[in-house]
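Some notes on the structure that comes next.
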Amino acid sequence: MLIENSLHCAVLNVSEAALDPAAALDFVSDGRFGGLNMFVGKVRSQNHGREVVGISYDIYQALALNVFRQLAAEVQTEFGPQLKLYVAHACGRLKVGDIAVVVAAGTPHRDEAFRACRALIEAVKHRAPIWKQEHFIDGDSAWSEGCSLCGHEHDDPAKPPAPTALSPNRHVHG
Amino acid sequence: MLIENSLHCAVLNVSEAALDPAAALDFVSDGRFGGLNMFVGKVRSQNHGREVVGISYDIYQALALNVFRQLAAEVQTEFGPQLKLYVAHACGRLKVGDIAVVVAAGTPHRDEAFRACRALIEAVKHRAPIWKQEHFIDGDSAWSEGCSLCGHEHDDPAKPPAPTALSPNRHVHG
Amino acid sequence: MTVTLALFGAFRDLHSAPTLTLEVDGDSIADLRAQLCAHLEATGKADKRGLVGVSAFASDTALLRDHDRIPADGQLAILPPVSGG
Amino acid sequence: MTVTLALFGAFRDLHSAPTLTLEVDGDSIADLRAQLCAHLEATGKADKRGLVGVSAFASDTALLRDHDRIPADGQLAILPPVSGG
């Protein structure tokens, strides 16, 4: 269980509010903590060599908040109770340079802050129910290939497509 | 050589200006960059079990700025030219919760952002001419033991004191 | 049973509504997965079958594995491979 | 030669001024280091000798090693072990 007030999770609809890195730093600060680490993910102008003009994020919001809490609890189990965590993800259409995600960790010492922040953003990227649709300069749009949330235990009624060199991010049943 | 405008280094006298994490994030942002990582070091209320009320930082400012540039150039050599770096350190007396140092890195992908930021803060901590004097609640003050900048090549006219279990941070001739 | 499947990511392209309603014969997630594939094939969307194979199912609170039962209220979601951040 | 040594960190406690002026016989950093230790011993500050042993010397632009020459202008700094961040 996370200690009360040690975790802030949010999904923000970009039409209503922008992500706020300063609020993340404030949240993970504590008189006991000497180290804060923050990751800010922004929409970038290139992906796999194509020019991107924006990204739309689709999020299963109720589940995402539950998953964020679960992932944070796992990070706290690894790094101990002297830890505050913040995770917020944008939902909706963003343009290049807009902030898609903010993750921050505060701890007594810097090594734990870096590692906890990294562990949490990796978990969010690989396990939270969030989907990215890239909009290209030529007017085309495409949902990104991503990480399958399937366990390995089921028998697939349909064979998954094989990963190819052109889809390095595809983790089939990963 | 760092590409122009890819590095910001500063030493700020706390009586004149506070460190600004938002400015650090802005500086390392770039349309090409999807990942920004920032470390914020704050004065914490405990050190080695003693209650701390403040820290005074003493800095050899001219050399510190040259060292920051050198360390950043080394990080850029390791991580390549698609990298912006920011480092700012406070000089003077800080209280618990005040920001002592801000280091940030912006890169196309998050792995490099985390690793470049970590490499730079480690280098700043171990190699920049900065000294910390802790002020304890009982009125006592003490300069922290730290990392020696001596190379191994000289003959010491005076034997250095042996490191002890009570001074885990002491790196004699490290 | 009647299942209402919330659609996300690449499944948003299936049709204009945010959910797909399906009559499922059986009560496990495996039954749902198989019959969703059959439905897609029957409705000219066989190109999405591969995506079903790498997708998970979930309620608001948890992922559901193939051996799990479909929730009694028939409300769940299909989650294609995720790509947040 | 006359050396003006800027003092930082724990060397700030040596005296009230931010620099220490010393006549050094010889022109290397090793000469300076040895004679600084002798000076400290002669002035009742032998407790700082150990700190000199783990300290570096530097100009505004670079660290100076024991085999380096003292800068011609005699301006340099003694750097005890650092503890930034």
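Residue numbers (this note's numbering), protein chains in the order written: chain A, 980 to 1153; chain B, 980 to 1153; chain C, 9 to 93; chain D, 9 to 93.
Glycine included, each C-beta is placed from N, C-alpha and C at the ideal position.
{"Query": "Contacts that residue 1016(A) makes with chain F (C-beta to C-beta distance below 9 angstroms)", "Result": "Absent from the structure: chain F. Protein chains present are A, B, C and D."}
{"Query": "Backbone CA spacing between residue 53(C) and residue 22(C) [nearest angstrom]", "Result": "8 angstroms"}
{"Query": "Residue-chain proximity (residue 1023(B), chain A), Cβ-Cβ < 8 angstroms", "Result": "yes"}
{"Query": "Backbone CA spacing between residue 1096(B) and residue 1016(B) [nearest angstrom]", "Result": "6 angstroms"}
{"Query": "Within 8 angstroms, strictly: CB atoms of residue 1069(A) and residue 1019(A)", "Result": "no"}
{"Query": "Rounded C-alpha distance that separates residue 1021(A) from residue 67(D)", "Result": "41 angstroms"}
{"Query": "Contacting positions in the stretch 64 to 82 of chain C - beta carbon closer than 8 angstroms to chain A", "Result": "64, 66, 67, 68, 69, 70, 71, 73, 74 and 75"}
{"Query": "Cross-chain neighbours of residue 1042(B) in chain D, by beta carbon under 9 angstroms", "Result": "66, 67, 68, 69, 70, 71, 85 and 87"}
{"Query": "Identity of the residue in 1063(B), 1108(B), 1038(B) and 1093(B) nearest residue 64(D) by Cα", "Result": "1108(B)"}
{"Query": "Beta carbon of residue 1088(A) nearer than 8 angstroms to that of residue 1010(A)", "Result": "no"}
{"Query": "Given residue 1038(B) as reference, the closest of 16(D), 20(D) and 48(D) once Cα atoms are compared", "Result": "16(D)"}
{"Query": "Nonlocal neighbours in the same chain, by C-beta distance under 6 angstroms from residue 1105(A), ignoring five residues either side", "Result": "1126"}
{"Query": "The stretch 1073 to 1087 of chain B touching the stretch 42 to 58 of chain D, judged by at least three CB pairs closer than 8 angstroms", "Result": "no"}
{"Query": "Delimiting residues of the beta strand (DSSP E) encompassing residue 1072(B)", "Result": "1063 to 1074"}
{"Query": "CB contact below 8 angstroms: residue 52(D) versus chain B", "Result": "no"}
{"Query": "Touch test, the stretch 75 to 91 of chain C against the stretch 34 to 43 of chain C, Cβ-Cβ under 8 angstroms, three pairs minimum", "Result": "yes"}
{"Query": "Short Cβ contact (8 angstroms threshold) for residue 1081(B) with residue 1003(B)", "Result": "yes"}
{"Query": "Within-8 angstroms CB hit, residue 1107(B) to chain D", "Result": "yes"}
{"Query": "Burial state of residue 1023(A) (16 or more Cβ within 10 Å)", "Result": "buried"}
{"Query": "Inter-residue Cα distance where the pair is residue 1101(B) and residue 14(C)", "Result": "47 angstroms"}
{"Query": "Local conformation of residue 32(C) per DSSP, three classes", "Result": "coil"}
{"Query": "Selection from 1060(B), 1112(B) and 1093(B) that minimises the alpha carbon distance to residue 985(B)", "Result": "1060(B)"}
{"Query": "Coil, strand or helix - residue 1145(B) by DSSP", "Result": "Because residue 1145(B) carries a pLDDT of 31, less than 50, the predicted location of this residue cannot be relied on, and the following value inherits that uncertainty. In the structure shown, residue 1145(B) sits in coil (DSSP, three-state: anything other than H, G, I, E or B)."}
{"Query": "Residue range of the beta strand (DSSP E) that includes residue 66(C)", "Result": "64 to 66"}
{"Query": "Rounded separation between residue 1045(B) and residue 1128(A) - CA only", "Result": "49 angstroms"}
{"Query": "C-beta neighbour in chain B for residue 1012(A), strict 8 angstroms", "Result": "yes"}
{"Query": "Proximity below 8 angstroms, CB of residue 1062(A) to CB of residue 1086(A)", "Result": "yes"}
{"Query": "Minimum C-alpha distance to residue 1005(B) - residue among 1000(A), 1034(A) and 1048(A)", "Result": "1000(A)"}
{"Query": "Pairwise C-alpha distance: residue 1122(A) and residue 1115(A)", "Result": "11 angstroms"}
{"Query": "Contacts that residue 93(D) makes with chain B (C-beta to C-beta distance below 7 angstroms)", "Result": "1020, 1079, 1080, 1100, 1103 and 1104"}
{"Query": "For residue 20(C) and residue 1030(A), the rounded distance between their alpha carbons", "Result": "23 angstroms"}
{"Query": "Spatial distance of residue 989(B) from residue 1067(B) (CA atoms)", "Result": "5 angstroms"}
{"Query": "Cα-Cα separation, residue 998(A) to residue 76(D)", "Result": "53 angstroms"}
{"Query": "Proximity winner among 1025(B), 1008(B), 1012(B) and 1103(B), relative to residue 1012(A) (alpha-carbon distances)", "Result": "1025(B)"}
{"Query": "Local conformation of residue 1022(A) per DSSP, three classes", "Result": "coil"}
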